[in-house]
Amino acid sequence: MKAIWKGTLSFGGIDIPVALYRTTEEHGDPDLHQVGARDGSSVRHKRWCAEEDGEIEYREVAKGHQHPDGPKIVLDDRDLASLPLPDKRRINVLAAVDGGSIDPMLFGQAYYVGGTDPTTDRWYVLFRDALRESGRVAVTRITLDARESLAVLRVHDDLLVLQTMSRPGEIRRPTGIAPRGEITVRPEELKMAMHLMDILSVGFDLDEVHDDHR
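Residues 980 to 1193 in the numbering used here are what the sequence shown spells out, letter by letter.
Below is the structure:
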């Protein structure tokens, strides 16, 4: 299995060399390219400048941000490269908290965490077993794809698994989505719904659910 990230797990002054591995297989749709409907010829996309009404070279393209007060801010590759990024190759453990205290809505992509140096495997096992025995997860900070993220470390079988997290302020409020008004469900209706769930679940095998569209 190929590692997608290598760095150090830092825990209370202990540094453990680790690598991250994808937990899921990519089974994307077949590649579909834009072509001319009449003859199937390739369609090219040009970088078009609206102000100059003409095509521009890739080296002339920068990033832009429209400020709410009006001015447009233009950033080139040098500006973006100068931004401070904390510890690109480090998983910093911030705290260990009860596993049920974090809203599952915050969780994102998961990665297997493997040790890369046999001489530090003892520290890996120590940290893993401490999480398992305490029933806690470790809240961490990591930089992935040039973006700093919060993440949790949890125990899965004999491995540590890192799962990225959204920040609480990034979760949108579901205003106006829930059913409105007072709706009373009778006990008989609830019993019927639970019975239907039992019927649907008989013999269900998640491995047998296929992506028919793909």
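Yeah, the Cβ is synthetic: ideal placement off N, Cα and C, and Gly gets one too.
Rounded C-alpha distance that separates residue i from residue j
i, j, result
"S1061", "D1055", "10 angstroms"
"P1166", "V1188", "32 angstroms"
"D994", "L988", "6 angstroms"
"S1128", "L1169", "41 angstroms"
Exposed unless 16 or more other CB atoms sit within 10 angstroms - verdict on residue i
i, result
"A1130", "buried"
"W1027", "exposed"
"M1171", "exposed"
"Q1142", "buried"
"G1079", "exposed"
"L999", "buried"
"I983", "exposed"
"F990", "buried"
Residue of the options minimising C-alpha distance to residue i
i, options, result
"E1005", "Q1088, I1162, H1135", "Q1088"
"E1149", "D1077, P1009, D1082", "D1082"
"V1076", "D1096, V1040, G1114", "G1114"
"M1084", "P1147, R1023, G986, R1017", "P1147"
Boundaries of the alpha helix (DSSP H) in which residue i is found, first to last residue
i, result
"V1014", "No alpha helix (DSSP H) contains V1014, which DSSP labels as neither H nor E."
"F990", "Counting along the chain, F990 falls outside any alpha helix (DSSP H), though it belongs to the beta strand (DSSP E) covering 984-990."
"D1056", "1056-1060"
"R1107", "1100-1113"
"H1174", "1166-1180"
First and last residue of the uninterrupted beta strand (DSSP E) at residue i
i, result
"L1132", "1126-1135"
"D994", "993-1001"
"H1044", "1042-1045"
"M1144", "1138-1144"
Contact the region 1103-1113 vs the region 1145-1165: 3+ CB pairs below 8 angstroms:
no
For the region 1169-1183 against the region 1107-1125, do three or more pairs of beta-carbon atoms, one drawn from each stretch, fall closer than 8 angstroms, so that the two count as touching?
They do not touch, by the three-pair rule.
Touch check for the region 1081-1099 and the region 1132-1149: three-plus C-beta pairs under 8 angstroms?
The region 1081-1099 makes contact with the region 1132-1149, as at least three CB pairs between them are under 8 angstroms.
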